[in-house]
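Novice: Residues 57 to 186 in this note's numbering are what the sequence shown lists, from first letter to last.
Virtual Cβ for every residue (Gly too), placed ideally from N, Cα, C.
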Amino acid sequence: MSGRQQDLVRKAYADTVTSEAGEGCCVSGINVPFTQNTMGYTREELEKAGVDMNNIKMLGCGNPVKLANLRAGETVLDLGSGEGMDCFIAGDKVGAEGQVIGVDMTAAMLQSVNSTCTTYIGLYTFRAFG
57 MSGRQQDLVR KAYADTVTSE AGEGCCVSGI NVPFTQNTMG YTREELEKAG VDMNNIKMLG
117 CGNPVKLANL RAGETVLDLG SGEGMDCFIA GDKVGAEGQV IGVDMTAAML QSVNSTCTTY
177 IGLYTFRAFG
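(1) Please classify phenylalanine 185: does DSSP put it in a helix, a strand, or coil?
(2) DSSP state of valine 107, grouped into three classes?
(3) In whole angstroms, what separates the C-alpha of alanine 164 from that of glutamate 139?
(4) For the beta strand (DSSP E) holding glycine 158, just list the boundary residues, first then last.
(5) So, with DSSP's three-state summary, where would you put leucine 133?
(6) Given this structure, state the Cα-to-Cα distance separating valine 65 from aspartate 160, to the nearest angstrom.
Encoded structure:
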């Protein structure tokens, strides 16, 4: 991917941090209300992750935490972690003995997640890529 293409991708994802409406890359979306079919996430998982249930931003293409069958003490690497929703859900599964590393190429996403990441200090690490 060229530098110009990377810049376009970064801008598109950065715009979702402050966006009022829009669509994600798959069946998800930006600022959508919770439904029972919100990509397999439960209301409890999303609420624990700090997600506003009336204003959900989902840019992913599935529920990786559900598929991973995580256990206490494991280490999780989330590539394209965005604002950290999957990281926070994974953190609940791996507990204080585990570690969750979120990597994203968008500075606005990393700024957003680092400003809200207060649970389990030391469990979460968010890093820039690209």
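Specialist: Considering the structure as presented:
(1) Within the sequence shown, residue 185 is the residue found at index 129, counting from 1. In the structure shown, phenylalanine 185 sits in coil (DSSP, three-state: anything other than H, G, I, E or B).
(2) To locate residue 107, count along the sequence shown from 1; it is residue 51. Shown here, valine 107 sits in coil according to DSSP, grouped into three states, outside any helix or strand.
(3) On the sequence shown, residue 164 is found 108 positions in, with the first residue counted as 1. On the sequence shown, residue 139 is found 83 positions in, with the first residue counted as 1. Cα-Cα distance, rounded: 9 Å.
(4) For the purposes of this step, residue 158 is identified with residue 102 of the sequence shown, where counting begins at 1. Start and end: 155-160.
(5) Counting from one through the sequence shown, the residue named residue 133 turns up at place 77. Of the three classes helix, strand and coil, the one that applies to leucine 133 here is strand, per DSSP.
(6) Counted from its first residue, the sequence shown places residue 65 at position 9. Counted from its first residue, the sequence shown places residue 160 at position 104. Rounded to the nearest angstrom, the two C-alpha atoms are 12 Å apart.
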